[in-house]
Structures are given as structure tokens and as C-alpha cells.
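As C-alpha cells, the structure follows; a few thoughts come after it.
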Amino acid sequence: MAIQWPLLVFGLLAGCGGGMLAFIGLSEIFGVAKGSRLIAVIIALVLLVVGGCASVLHLGQPANIMAAAANIFSFSGISVELIFLGINVIVALVYLVMRKRESSEGSIKVVAIIGMVTGICMAFVVGNGYVMESQRNWNTVALPLSYLASGLAMGGTLFVALMVGKKEDVAEVKRMNVWALAALVLQAVMFLAYAVLTGFVLDVLVFWGCAIVIGTAAAIVCTAMVSKNPNLAYGAVACSVVGGIALRAAMWLAGSGFLALFAVAAVRGVL
Amino acid sequence: MPETVQLTRRSFIKASALAGAAAAIGASMSGSLVETDAAYADSATETKKVHTSCHGCIQVCPAYAYIENGVVTKLEGDPDAPTSKGSLCMKGLNQLHTMYSPRRILHPLKRAGERGTNDWEVISWDEAISLAADQITSTIDKYGSYSFFASVGGGGSYSFMEAMTLPMALNSPTVFEPGCAQCYLPRYAMAKFVYGANDQSIADNAVIEPFNEYTNKTEMLVLWAAQPSVSQTAESGHGMADLRARGCKTVVVDPNFSPDAVKADVWLPVRPGTDTGLLLSWFRYIFENKLYDEKFTKYWTNLPFLIDPDTKLPVEAAELFPSYVSPTPENTPAYVCYDLRTNSVQPFPFSAPDSSPVDPDIFTTQTIDGKTYKSAGQIYKEQAEPWTLEHAEEVCWVPADRIEAAVKLYTDADVAGIANGVASDMTESASQVPLGCLGLDMVMGYVNKPGCTLTQRDLSSVPTVRPVAHYNGFDGMFSDIYGVGAVVGMSPAENEARIKAFPPDRQAQYNKLLVDRLGMKEHKGLYAWCHSHIPTVREAIATGEPFKPRVWFDMSGNKLAMLGNAKSWYEVFPEVDFIIGQYPMLTSFHIEAADLVFPLREWLEEPMVNMTQQNTTWLQNECTHIGETVSHSIPAGQVLDKCEEIWGKLPGLAPGYLGDHTEADVKQGVADSLKAASWDELMANTDKYVPLVVPPKDFYQYYQHEVVVSDGLPAGFGTESRKCEPYCTLLLKMARTGYPFCYPVAQEACDDYSPICEFIEPAESPVGDSEYPLVLTSGRVPYFHHGTMRHAAFARELYPAPDVRINPATAEELGIEHMEWVKVSSRRGDISGRAYLTEGVNPGVVWMERFWNPECFDESQTHKTAGWRECNVNILTKNDAPFNEVFGSYTNRGFTVKVEKGARPDNIWIEPKEFEPFLPTLRSEPTTKDVF
Amino acid sequence: MRNCLVIDLDRCSGCDTCVVACKHENNVDLGNYWNQVVAVGPSGTFPDIEQYWIPAQCQQCENPQCVHVCPTGASYRDSKTGVVLIDKSKCIGCQYCMMACPYGVRTYNETSHVVEKCTLCPQLTANDELPACVHNCCTGARFYGDIDDPTSDAAKAIAAASADSIHHLPDPGDSKPVTVYILSPKVAAWKELV
Ligand SMILES: Nc1nc2c(c(=O)[nH]1)N[C@H]1C(S)=C(S)[C@@H](COP(=O)(O)OP(=O)(O)OC[C@H]3O[C@@H](n4cnc5c(=O)[nH]c(N)nc54)[C@H](O)[C@@H]3O)O[C@H]1N2
Ligand SMILES: Nc1nc2c(c(=O)[nH]1)N[C@H]1C(S)=C(S)[C@@H](COP(=O)(O)OP(=O)(O)OC[C@H]3O[C@@H](n4cnc5c(=O)[nH]c(N)nc54)[C@H](O)[C@@H]3O)O[C@H]1N2
Ligand code: SF4
Ligand code: SF4
Ligand code: SF4
Ligand code: SF4
Ligand code: SF4
Ligand SMILES: [Mo]
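Line order of the protein sequences matches chains A, B and C. Position in the first sequence (from 1) plus 251 gives the number in my numbering. Position in the second sequence (from 1) plus 64 gives the number in my numbering. Position in the third sequence (from 1) plus 224 gives the number in my numbering.
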């Protein structure tokens, strides 16, 4: 199947936004990265909103999003995505407003933890809509788990990079960086699981080259060396985003209907 | 009366598009529940549903057209048609696009630029007719009448009779078409020579018995080089499906795994062009295993006749028995056989089998007075002798066990038959293959029986007198008009008397046209259709020898896509002073050659009665009419009228041109054929006249040869011996004198033609050709009829470029993948196509159908061409000697090529959306009245 | 009621007429199809080969995946007729149904921005006429009707075929495609296309 770029961008940005929210929640739990949380939630919001807008471009007409919204409780893949997009945006906004208004740290923390959960869900559901029995290379839970891991990895590395940019305390950076590393390791496991479960049909260059070598291995190396050279945090972001794009691209490229009869006929193919 | 349909289709579609829910209701409820957009529905008046027939190919299947405000909006097959039963194939359906194509030409066009450019000036009909007549008259005045020549299309084209007779009216002998010797003439003529009647061609509506559902007896059918499911998709394609469903067994002889081969019980993938070898192996197997119908072969074929080794002709009884008095009339000679009752050579008079005085030996060699005579059967047997199944396997590339299985299916049936396709017509063995196919059915006795292919229909096929066969033109009509040509089956005295009754000067004029016709000395079989030998015409244009054709009136289609070795024709266009074309669209030929083009009606506009379907005849209706287009016969009729005005009198034969000059005449002719008093009456009460039905009991006739006729003898056949002549004596006489065509004048002799099937190895053989190692052949595809429909967007999006069918093993050696562009080259040129990898062809064979690309001169192209060089298999085909001896057929199939990786020509469209410029744009054209 | 097409592959010659008939009848755009014909084979090695064609269009699934993923209810199965349809006024063109259909027999209309597919031609069948592809099929291979109604053409075609000739497209989950393909082993072995 051809890469559906609006959907790819949506999944990428919404996943990354969700990952960001998860890391904001983590920082609240640990009580670190105080100087980065505000900018982080703003970025998360932008990612979610821009991602949402990108997805609209996939529809027949952008205005059709209203019809999708009107049928929000059909609980189809798309409506679940919309639901979580809405929830995440609301949670992020609430968090943003509360932080701005300097509400009580306790209540902010509660909201942040809620955001952590919704963010994780967000990163998962953007992949889950593709799990369908007609798509043999998508029909595995390893796919949404890969999306989830990718969202966390991007969100985590981005969060760490923000901290580095904000010149946060080295120990705090180190503490969060361990979790970003964990997300990348999870990503490595999930990506490989996805490759194995689909029988190694994924595009070699896109998946193994970009998603695994650059997007995972190189990202892990950068992340692991952030304590030595903090600027490598930016490299880790770049790598994990490449990985995120590559995973999703590989998914689209491997997408082929169970029996894509019209597609076969269109190229005068033979079964 | 046209039927009225309750709900207009467009309003419904509009409605269902507006509200998907309404469509859902419609699925289960009646149409009345559907709400239509009121304003839209009002704008459409009632829809008329009228009877018509498709003319998308030769078959002319009955159909219905739906017409809204004069615009044809829908076509569908007529369920009452006996064989097509409601089917209408895509070539027919796509007429909705062709009819309203932006490529239609609606007015006469005069060239405004150089030949090769697509620049035209729209002119009036008056100006166009005058221009054509001026060019014709002035050229003939200057160079003589042989400077004029005509051409037409092959199967399915409209103007056969017109093209044959237009030059006659101008006293020119020259006319040709890309089919003829390359299509049907060989099969048609050989059947007439051998059997005196209709042939074994399924595509040309001769073979219809297998689809007869009244008696329905065909147990087994051999499709020899025919694929009815493709070449008659909606008609015999449907018929074949029904036939197989009834349990009929089939054998398909075809190098390609055609749809009919797919369904066959046995498929014989013969090496292209080697069918004669396979046929001889069938003969050998049948003779060797005594599988033939002994009684039929003895008494109803000429195989037991002793043949004179000097003349190669059967010995007449009087030659060996001078005192013998034949009990039969003069028109029925007695021959000689070896009699098994007396164990001696005896006269063999014609009689019913049971009253024969002899029991003839089919296979015998006798020495009489030191001269060795063989029976015709013996000669055949010796010809077939080397063709063991193993030898056939080696030469023809078909496994021996398959050949054996096929012959057994064929011989084990109570009744079977061979249906013979077009492939052999395009090879050097064009006469030998039908000779073999006819011969096989004859030795098997599959003749005139319910269920076999060699049957004749209608009460008119039941003889009351000794059957005869007329030659020169269809059913010998020109012989009857001009008094030239012997009637086979009449005695010499009867023929002499008959011919004397005609005016001698007309006779002489006609006879001179025959003898002067180009290529006739060598290939006298062409006389059967009054056509010239194409390569000789080309040669005459190029060299001026023996005369130079200079003004060309072409009546159909794209010569550059259809003529063998098209480039050799392109090269002689500059030698032709003025070229007139007529067609509903411009083709490569018009772009490259024509100086003047007359716009023709599409089939939805042209009234006609054509092919029948079983015992029914149907109407091709004038469903609508736009622009200033005319029926096919009219431009020539009008031009001749103008020439006559200029000259005072036409120089040619009278009546000469046989074609209507006005639409009123066209319509009256149609009404007459359907037995209506007038066109208006036919239109007012169409259902009363259409279809015209012959009652089945009158239509289906059998055993005509056994019927006792006026001379007290069984009728026999319309041949000289009154028997089937698988040993074709007429071919020998023809080669020597032009008999029966030129009679009473004798034409100069050429080498004898072979009277029986003989093996011919194709001149360009893959055996030992290292430069061009593969053999190319072709066959129809269901998307197009000849050169038509290449601008039908719905056909092209499915089949945008020609498939080059090639075996995966060969492709792998060449490093070629499925659908990859390849270059195919022969000794004459190279073209492009897309490789279609399939196990359905032998590794040594490639298969590719004709193509041309009208998009190449679309306005949007930066680099415009006439679209005939890019993908046209006729760049590769071979139009030089050796030709088929009898008919001069050249080689469109079974010649050698090589295949390499290639590239898509940059002005060829492939993607569906690219064909947008071909979508119909003329639906808003007003309907118009007859021009003439 | 389960309306659908029944297609006799013993008859079908792969002529693509049904494709074109459908396009004219339903004004389907260039490049879009509501049905297509796919060649299966030749399989085997020359000359020992066999082949058939699958004329493909919506299989009118009883448990349609296309409907399950549709976010707006535009895709639905009419419980009364068994026909799966698209309410174009509700379709937002998200194309999830195209991804979810196991057979790839839906098409996206770039002009009207909605997904389309075989409708079984209600505009004709409502007037007791046959769907265009059925009417014009060049071998009489296509039958339309309710397979639960023994008097329908579709049910009769199935009844006339032997049990070993009745096939459905493979069903990866539980779509329950209703459309029946008839192919007898003597013409070709049915290939389980998985
Ligand atoms: N769709 C379509 N239908 C047509 C036409 C068309 O152009 N398109 N043209 C019409 C006309 S004018 C004609 S003459 C008829 C012809 O109708 P058919 O006689 O059915 O002709 P083809 O399909 O050209 O050829 C028949 C088969 O011969 C096979 N063949 C090729 N070479 C050889 C060979 O050397 N030996 C043997 N045994 N077989 C060989 C081809 O693979 C093909 O399957 O079709 C008519 N109908
Ligand atoms: N290489 C190769 N060459 C071949 C063949 C082959 O198999 N291989 N086949 C040969 C055979 S069998 C034949 S018969 C010839 C065919 O060659 P042609 O008949 O010359 O083919 P076309 O040029 O396409 O044009 C003829 C078509 O135009 C349409 N037509 C003709 N006159 C009219 C008219 O008055 N009005 C309208 N509306 N339409 C008209 C008809 O559909 C007709 O069939 O080609 C021959 N050439
Ligand atoms: S077989 Fe020929 S006449 Fe019949 S529908 Fe097809 S194109 Fe028309
Ligand atoms: S075949 Fe595809 S489109 Fe048709 S009902 Fe089944 S899932 Fe839906
Ligand atoms: S494209 Fe239309 S029919 Fe398909 S899932 Fe989306 S809304 Fe439903
Ligand atoms: S039933 Fe109608 S919509 Fe469906 S494929 Fe046939 S013609 Fe097209
Ligand atoms: S029209 Fe009939 S024979 Fe032709 S491809 Fe379609 S189903 Fe098969
Ligand atoms: Mo032909």
C-alpha cells in the first residue's frame, strides 16, 4: 500500500505528543525538570493539534471531520483516536492552565499522572486502529505496541533534549534520560517483535536501515552518552523521530489487503 | 413501437447518489419508492428502448439501446438472441464512448498541412465530393483507368461489396484489404472447392451447428486455431460456454493457452505455422488405425479414385474403358477405382452407396499398361506416412501422447467437427491447412450430419437438382452478372451454353479486369473474392510495373496497423498522388496518408442488416445521428455520380458499383431484408419484423447429399465429381488455366498447387535461427476489434499496451520481469510492448496482438506521431515471398523475432487517468437529418 | 435474505466485459472499479497447466469488516436484504473500510471524495432487471439473487452445481463472504489463495 502521509504524520505527532505527556507525568512524579514542564506541555499540545489537523487531510474533505466527530461514539478505530486526541488535548490544556495559574502542586500532579495514562493510550491507539484481520502485516498487537514504544521514545528523547536545552540539573537530566533509554529499549523489543511476527516482510531499507539502525540503535547510543555529552540528546531526538517515521512508513509499505484483488488486477497481475 | 421505461436511468442514478439510503431501499423495493430530484427528472423525457444490433465486430449481436432525448445512454444485449442470449461484450458496450468520442469526425476534412501532420480544413460535402471526383477523373484521363484503386477493411468492416465494385465501375482491377488472403478467403474458398458449400470458419458465422439448441447433437468439437470466446466474445463465446456445459468435449489446437484452450479437454500447443504437420499426423493415425468412416470415404469422397500420375487428375472411366457408357448424366463423370468385389480396376460411376456396382479400395496402387496409378487415398496416405506422432512431436512441439488423446476424442465421437480459425490464413500454408481440416472431417464422415460443423442450413440448401457451385464474387454473383466463370457441376456443354447467353463485350471487359488484376497469375485463388495480391499492388505503386496505381479510395480503418510490414507501405505513400479515406475517426493511416476524409456514421447511427444468429435475422438500427456523417456506401456512390456528371458516362462495367447512394436507399434496403414495406413501417412496428425468424424445422437441414434429385440420383455435392474432394482437383485446374474463374478465357499457367495437405516449414523458422530465435504469433484480445476502440478509454485503461506473452523460463534467460517493457524485433523492424509472463506459451514462442496508439497525436503531446510505429506488431510481420501458393497470403503469424529489455515509448499512455482526453464529449451534439 | 452474485468459473472466460458493463451502468471513473477480473494461473509448467478467472467485487459479507471499521455508519449492511451498502452522504472518505475489506474490492472516488463499491445495481433490480454485469456477461457465468430463496437464479445455480464445485473466497477472520464461486475440479483445482 502507498504511504498515507497525512495518517503517518498524525500517528507520528500524536504519538510523540502522547509520549511527551507521559514524560511530563513522570517528571511530576520524580519532581524533576521543573523549568521544562511548561514548554514541554505547550509542545505536546502543538504536536497533538498539528497531528490532528494532518489527519483531517486524509479525509475526503477536511470538513468531514465534523461528521466523524458527530459519530464519535461508533468506537471505530478512527473515533477512538479522536476520543483520545480530545482527551489528551483537554488534559494537556488543564495541566497548562493549572501550571500557569500555579494551582496546588498536588492537584497538578494528579492531572499530570492522568496525562501520563492518556498519553500512553494515545500513543497506543494511533497504532491500534490498523489492527484488522484483512491486513496480514498489521494484524498483531505488536504493531500498536510498536507505535506506543515509538511514541514514548520520541516523547522521552524530546523531553530530555528540552531539559538539556533548559540547562536543567545534570542529575535530573540523567534521571529522566534513563527512562528515555528504557523507552528506546522497549522500542527495540517491540519493533523486533513486529518484524518477527510479520515474518520479516518489512522493507529492508526503511525498517532495518531507518527504524532499527538509525531510529533505535543509534538513538540508544546517543541517549546512553547524554551524560558524557549532553548535546547528544538532540541527536537522540532526531534518531528516534527517524525511527518513528520509518516504522510507520514500513507499516504502510507492508500493508496489503488479505487478497488485494483490484490492486492485483490493476497491474495485470496473476494470482 | 419503442418500449417506454418507467424510470429514467439518469434520474435514478442521480437520486441514489444524492441519498445512499434511497438506493438501499431500492434494492428491495420497487422503483416507485425512489425519490428523484424533480427538476432533473423533468428535464429528461421518456427513455426509448429500441432494438438494434452491435457492430463492434463481425458477429453483430442483437442488442437494445436506451435513448434519452436523442442521446444513447445505455446499451445491453438482447436476451432473445438465440446464441448470445443477452450478452454484449465490452467492444459493444464501449460504443457509448466511441459514438460520442472527441475523436469523432463529423464533417468532411481536407488536408491543410503536409501528410503526416494532423492539420485539416473542414469543408462542405459538395466540395468534398467534387474534389474526389476531380482527382479521380483527371488522373484517369491522364493515366488511364488502372491508375485508380480501392481498399477496404477485413472482417467486420462495412464495405466489402462496395470496395469490390467501385473499381469495376471505373474499369480498374485493383482492390485489396488486409484480411482476404490473410483472412477467411483461404478457408472459404477451399471449402467451396472441396465441398461445394459453406466452410469451417466459426468466426465468420459458417459454423453454427454446435450452437443449435433445437437438435443439439454436437458431441465433440475441435477448435483448430480459433478462440471463439475471444473473437466472438458475446456470441460464440456464450455458445461455447453453453456447449461445454452440455457436455461437449473439445480439443483446442493453439500455440497460446487461449480461454478456449483453458477449458478444453485436450490442448495441443502447436508451434506456430506448423499445423500442416500436425494435420498429417492426425491423418496418419486415423488411416493407420482404421478410424475413418469407411463407407463415407468410399462413396462420398474422391479418395478411392485412381489418379493419373501425369496429369495428377482423377482418371475418368472413358480414359481407361473407351467403350464404357456412364449411367450418369454428362455433368456427373464416372471415374475409376480398384474394386474389391472383383479385385480389379473398374469404372466407378456416381450412385447412392448401396447401389454402387463397385466396392472401391481407398488405398491402392495399380499398374495398368506399365503406368502406375495410385488412388487419391493412397497418395494422401503416403503424404502422411512420415508423420508418426513422434515425428509430429519433434516438428510441431506437441507431446505425442497429447496428439493421440486429441485424435481419439475426435474419432471416438459419434459426431464431431473441426472449426477452423484465422491463424493459418496468415501463413504460407493458408490453403493446405483448410485442405487438411476439411479432409479430416470428410474421412470421418462428419459431413451434413446433425452436430457436425460441415452442415448447410435453410430449405435453400436442400437440392432438387444436381448441386453446382458458382464462382467469382460471393455465390458467384459476378459470374451471373458478367458471364465469366464456369459453374462447377455443370457439364462442359452446359457451361458453354450458359456463357454464350451473356453480352460478349461486357464479358470481355470483365475478363480483362480479371486477368490484369495484380498478382493473379501466381495466386489464382484470389479470384474467389475479386481481390488483388497486396504485395504485388505495393510493388506496382513503387515501380509503376505493370501499371502505376495513383489515386486511392480507402473505405475503412487503419491500414498502417493492419497491413503486414506496414513500413513498406508507408514508404510508397509518396508515390500515390491522392488518397481518399472514410471512417468515423482519424487513424494513423489518415494522418500519414489521406488528403481527404469522409466522415462515416458509427454503428449506432447506421441502419443495416448483417449476420444472422442461428435462424434469426436482426436489425441494426439508426438509434441516433449527429453531425454530417453518412452510411458507408454513400461517399463512393456520390463520388461516382459526380464522375459520371463530369465524364457523361463511367468508363467501367455496368452495373459496376453495388452500393446505395442515399440514406433512403440504405433504409429501404434494410426494410426489404426484414420484409417490411418501408423504413417507416419498420420503425413503427419494429417488434413485428425483428427478428426475422426461419422456423427451426425449415432451418436445420441435414443429409442434403443423400436427397434424390431430378436426375434420379442422390444429390451429392457441388463439385465436379459430385463428391467431397479432399483431393482437390479444382486447384490443379485453377493453376493451369484459371478455371473456373476465368472461363471461357484461359489464364496463363503457374506451378501446380498442391491438391492435398502438405507440410510446409515456415520460411522464417526458429529452428536454426540464432539471430531471431523466437517465433512470434498473435490472436485476438477481447478489448478491441482490429484497429478499433484504441480510443475507448474503458478498454484502454484495462489493456493500455499490448501484452507480449512469453514463457517465464525464456523471460528469465532474458532478464525480463512481468509487465516490464520489452523491445521485440524482427528482420523488418522493432517495437515495444509489455512482457506478460505465462506458462501458457511454449518457451520458444511469443504471442502479441496488433496495436496502435491514437494518443500519440493527441493535442497534449509535445512530440506528436501518427501512433503506428510504437507498439504495432505489423512493423514486424513479413509481406514478402514465399506466399501461400493459391491465395498469395503473406506471413502475419509464425515468423521469427528476438526479445530484449526495452522502454516505454514516451508518448504512450498507460495510467487510467491519462485516457481522460478520450472520454466522450459529444453527447450534447444535436441529432441531425440524413445528408444525402 | 442474502442477496449476492454467484459466478460460475467453469463458464467465465475472463473477458472483462462485466467490468466495463459495471462502469457504464454506474458511471465509475477512469481508474476506479466496482469489479475486476483476476487471472488465477496458469499454474503448473507448460504444457501441463490449468487456469481460471476470479471476477471480483464486493462479496456481501455477513460479518463485514468494512462496516465494523466505519466511523460514521456510512457503510452498513441492510439486515433485510443482506446487501452491504455505502450511504454516500455519511461517508467521510477516511478509507478505513478499504483497508479493512479482506478482498480489496472497494474504490475511492476522487471526484466525490467517497468510497464506492458494488451495489448489486438496485436501480435495475428494483425494476426486476438484472445487474448490468449479469445481463451482459459473455458466457452466462453470473447469477444474481437471494441465495436463501431457492427460486432465485443465484440459488438455482448453486443447487445445480456439485458440492465439490462450491467455493468462497478465503476468509481470514470471520467475514462470512456470501458470494459463491462455482468451479469444478475437472476445469481446474480451486486454489486456496492464502
Ligand atoms: N475481439 C476481437 N474479435 C474479433 C476480431 C478482433 O480483431 N478482435 N477480428 C474478427 C476477425 S476479422 C476475425 S478473422 C476473427 C478471427 O477469429 P479467430 O479465428 O478466433 O482468430 P484469432 O484469435 O486471431 O486466432 C485464433 C487462434 O489462433 C492461434 N494461433 C496463432 N498462430 C497459430 C498457429 O500457427 N496455429 C494454430 N493452430 N493456432 C494459431 C491464436 O493463438 C489464437 O488463439 O475474429 C473476429 N473477431
Ligand atoms: N499482424 C496481423 N495483422 C492482421 C491480422 C492479424 O491477426 N495479425 N488480422 C488480419 C485480419 S483477419 C483482418 S480481417 C484485418 C482487419 O483489418 P481492417 O478491417 O482493415 O481493420 P481496421 O483498420 O481496424 O478497420 C476495420 C474496422 O473499422 C470499422 N469500420 C469499417 N467500416 C466502417 C463504417 O463504415 N462505419 C463504421 N462505423 N465503422 C467501420 C469496423 O469495425 C471494421 O472492422 O487485419 C489483418 N491484419
Ligand atoms: S461479439 Fe461482436 S457483435 Fe457481439 S457484442 Fe461483442 S463486439 Fe458486439
Ligand atoms: S467484501 Fe469487503 S466491501 Fe464487501 S462486505 Fe465484505 S468487507 Fe465489505
Ligand atoms: S471511507 Fe466512508 S464508508 Fe469507508 S470507513 Fe470511512 S466513512 Fe465509512
Ligand atoms: S452488480 Fe452492479 S454494481 Fe455490482 S459489479 Fe455488477 S454491475 Fe457493478
Ligand atoms: S463478463 Fe462473464 S465471462 Fe466475462 S469476465 Fe465477466 S464473468 Fe467472466
Ligand atoms: Mo479477419
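Heads up, the beta-carbon is just placed ideally off N, CA and C, and yes, glycines get one too.
Distance between His595 of chain B and Ser96 of chain B (C-alpha atoms, nearest Å):
The sequence position of residue 96 of chain B within the second sequence is 32, counting from 1. The sequence position of residue 595 of chain B within the second sequence is 531, counting from 1. Only weak support is given to the placement of Ser96 of chain B: the predicted model assigns it a pLDDT of 31, under 50, and the question is left unresolved by the model.
I need the DSSP call for Arg521 of chain B, collapsed to helix, strand or coil.
Within the second sequence, residue 521 of chain B is the residue found at index 457, counting from 1. Arg521 of chain B falls in the coil class under three-state DSSP.
Is it true that the region 366 to 379 of chain A meets the region 330 to 346 of chain A, where meeting means three or more beta-carbon pairs spaced less than 8 Å apart?
yes
Consider the Cβ of Gln275 of chain C: report whether some Cβ of chain B lies at a distance smaller than 8 Å.
For the purposes of this step, residue 275 of chain C is taken as the residue at position 51 of the third sequence. Yes, Gln275 of chain C counts as interfacial toward chain B.
What are the start and end residues of the beta strand (DSSP E) that includes Met284 of chain B?
For the purposes of this step, residue 284 of chain B is taken as residue 220 along the second sequence, with counting starting at 1. Element bounds for Met284 of chain B: 284 to 288.
Determine the burial state of Ala748 of chain B: buried for a count of at least 16 other Cβ atoms within 10 Å of its Cβ, exposed for fewer.
Here residue 748 of chain B corresponds to residue number 684 of the second sequence, with the count starting at 1. That one is exposed.
Does Arg366 of chain C get closer than 8 Å to chain B when you measure Cβ to Cβ?
Here residue 366 of chain C refers to the residue found at position 142 when the third sequence is read from its first residue. Not closer than 8 Å to any Cβ of chain B, the Cβ of Arg366 of chain C fails to qualify, so no.
Start-to-end residues for the alpha helix (DSSP H) that takes in Phe513 of chain A:
Mapped onto the first sequence, residue 513 of chain A falls at position 262. Counting along the chain, the alpha helix (DSSP H) containing Phe513 of chain A begins and ends at 512 to 517.
Would you report the Cα separation of Leu578 of chain B and Leu230 of chain B, rounded to the nearest angstrom?
Indexing the second sequence from 1 puts residue 578 of chain B at position 514. Indexing the second sequence from 1 puts residue 230 of chain B at position 166. Distance between the alpha carbons of Leu578 of chain B and Leu230 of chain B: 15 Å.
How about Thr841 of chain B and Ala487 of chain B: do their beta carbons lie closer than 8 Å?
Position 777 of the second sequence, counted from the first residue, corresponds to residue 841 of chain B. Position 423 of the second sequence, counted from the first residue, corresponds to residue 487 of chain B. Cβ atoms of Thr841 of chain B and Ala487 of chain B: closer than 8 Å.
How about the region 399 to 419 of chain B and the region 334 to 345 of chain B: do they share at least three Cβ pairs that are nearer than 8 Å?
no
On the criterion of 16 or more Cβ atoms from any shown chain inside 10 Å, does Asp465 of chain B qualify as buried, or is it exposed?
Within the second sequence, residue 465 of chain B is the residue found at index 401, counting from 1. By the neighbour-count rule (16 or more Cβ atoms within 10 Å), Asp465 of chain B is not buried but exposed.
May I ask you to list the residues that DSSP assigns as paired with Glu274 of chain C?
Residue numbering aside, residue 274 of chain C sits at position 50 when the third sequence is read from its first letter. C:Ser267, per the DSSP bridge assignment.
Buried or exposed: which applies to Glu356 of chain A, given that a residue is buried once 16 or more other Cβ atoms fall within 10 Å of its Cβ?
To locate residue 356 of chain A, count along the first sequence from 1; it is residue 105. Answer is exposed; the Cβ neighbour count stays below 16.
Can you say whether Asn251 of chain C is buried or exposed, counting buried as having 16 or more other CB atoms within 10 angstroms of its CB?
Position 27 of the third sequence, counting from 1, holds the residue named residue 251 of chain C. Exposed: under 16 other Cβ atoms inside 10 Å.
Is it the case that the Cβ atoms of Ala356 of chain C and Ala280 of chain C are separated by a distance below 8 Å?
The count along the third sequence starts at 1 and reaches residue 356 of chain C at position 132. The count along the third sequence starts at 1 and reaches residue 280 of chain C at position 56. Their beta carbons are not under 8 Å apart, which means Ala356 of chain C does not touch Ala280 of chain C by this criterion.
Helix or strand or just coil, what does DSSP make of Ile482 of chain B?
Mapped onto the second sequence, residue 482 of chain B falls at position 418. Three-state result, Ile482 of chain B: strand.
At a CB distance below 8 Å, what residues from the region 283 to 297 of chain C approach chain A? Give them in sequence order.
Gln289, His292, Val293, Cys294, Pro295, Thr296, Gly297
I think Phe979 of chain B touches Arg860 of chain B, with their Cβ atoms under 8 Å apart; what is that distance to the nearest whole Å?
If you number the second sequence from 1, residue 979 of chain B lands on position 915. If you number the second sequence from 1, residue 860 of chain B lands on position 796. Right, the Cβ-Cβ distance comes to about 5 Å (below 8 Å), so this counts as a contact.
Chain-ordered residues of the region 337 to 357 of chain C with a beta carbon less than 7 Å from chain A:
His337, Val338
Apart from the five residues on each side of it in sequence, which residues of its chain come closer than 7 Å, Cβ to Cβ, to Val493 of chain A?
Here residue 493 of chain A refers to the residue found at position 242 when the first sequence is read from its first residue. The answer, listed in chain order, is Cys461, Ile465, Gly466.
So, under 8 Å CB-CB, Tyr332 of chain C and Cys294 of chain C are touching, yes? Tell me the CB distance rounded to an integer number of Å.
Stepping through the third sequence from its first residue, residue 332 of chain C is reached at position 108. Stepping through the third sequence from its first residue, residue 294 of chain C is reached at position 70. No, Tyr332 of chain C and Cys294 of chain C are not in contact; Cβ-Cβ is about 14 Å, not under 8 Å.
Suppose the cutoff is 7 Å on Cβ atoms and the five residues either side in sequence are ignored; what does the same chain contact list for Lys731 of chain B look like?
For this step, residue 731 of chain B is matched to residue 667 along the second sequence. Closer than 7 Å at the Cβ level, and outside the excluded window around Lys731 of chain B, lie Pro671, Trp743.
Nearest chain B C-beta to Ser386 of chain C closer than 8 Å, yes or no?
By 1-based counting over the third sequence, the position of residue 386 of chain C is 162. No, its Cβ sits nowhere closer than 8 Å to a Cβ of chain B.
Do Pro421 of chain B and Pro413 of chain B have their C-beta atoms within less than 8 Å of each other?
The residue labelled residue 421 of chain B in the question sits at position 357 within the second sequence. The residue labelled residue 413 of chain B in the question sits at position 349 within the second sequence. Yes. Within cutoff.
Backbone secondary structure at Leu683 of chain B - three-state DSSP
By 1-based counting over the second sequence, the position of residue 683 of chain B is 619. Of the three classes helix, strand and coil, the one that applies to Leu683 of chain B here is coil, per DSSP.
To the nearest angstrom, how far is it from the Cα of Val239 of chain B to the Cα of His689 of chain B?
Numbered from 1 along the second sequence, position 175 holds the residue referred to as residue 239 of chain B. Numbered from 1 along the second sequence, position 625 holds the residue referred to as residue 689 of chain B. So the two alpha carbons sit approximately 30 Å from each other.
Limits of the alpha helix (DSSP H) - the one that Phe959 of chain B falls within
Working through the second sequence from its first residue, we reach residue 959 of chain B at position 895. Taken as a continuous stretch (DSSP letters only), Phe959 of chain B belongs to no alpha helix (DSSP H), being part of the beta strand (DSSP E) at 959 to 965.
Continuous alpha helix (DSSP H) stretch holding Glu249 of chain C: start and end:
Here residue 249 of chain C refers to the residue found at position 25 when the third sequence is read from its first residue. Per DSSP, Glu249 of chain C belongs to the alpha helix (DSSP H) from 241 to 250.
With 8 Å as the threshold, decide whether the Cβ of Val515 of chain A is near any Cβ in chain B.
Here residue 515 of chain A corresponds to residue number 264 of the first sequence, with the count starting at 1. Answer no: the Cβ-Cβ gap between Val515 of chain A and chain B never drops below 8 Å.
Compare the beta carbon distance of Gln447 of chain B and Glu822 of chain B with 8 Å and say whether it is the shorter of the two.
Reading the second sequence from its first residue, position 383 is the one you call residue 447 of chain B. Reading the second sequence from its first residue, position 758 is the one you call residue 822 of chain B. Yes, the Cβ-Cβ distance between Gln447 of chain B and Glu822 of chain B is below 8 Å.
Indicate whether at least one CB of chain C lies closer than 8 Å to the CB of Asn871 of chain B.
Locating residue 871 of chain B in the second sequence gives position 807, where the first residue counts as 1. Yes, Asn871 of chain B counts as interfacial toward chain C.
Can you give the beta carbon distance from Ala875 of chain B to Leu838 of chain B, rounded, assuming they're within the 8 Å contact cut?
Here residue 875 of chain B refers to the residue found at position 811 when the second sequence is read from its first residue. Here residue 838 of chain B refers to the residue found at position 774 when the second sequence is read from its first residue. Their Cβ separation, rounded to whole angstroms, is 11 Å, which puts Ala875 of chain B and Leu838 of chain B out of contact at 8 Å.
DSSP has Asn320 of chain B in a bridge; who is on the other side?
Numbered from 1 along the second sequence, position 256 holds the residue referred to as residue 320 of chain B. Paired residues: B:Val905.
Could you give the residue range of the alpha helix (DSSP H) that holds Glu789 of chain B?
The residue labelled residue 789 of chain B in the question sits at position 725 within the second sequence. Run containing Glu789 of chain B: none; DSSP gives neither H nor E here.
Going by the C-beta, is Ala129 of chain B closer than 7 Å to any heavy atom of ligand 3?
Along the second sequence, one-based indexing puts residue 129 of chain B at 65. The answer is no for Ala129 of chain B.
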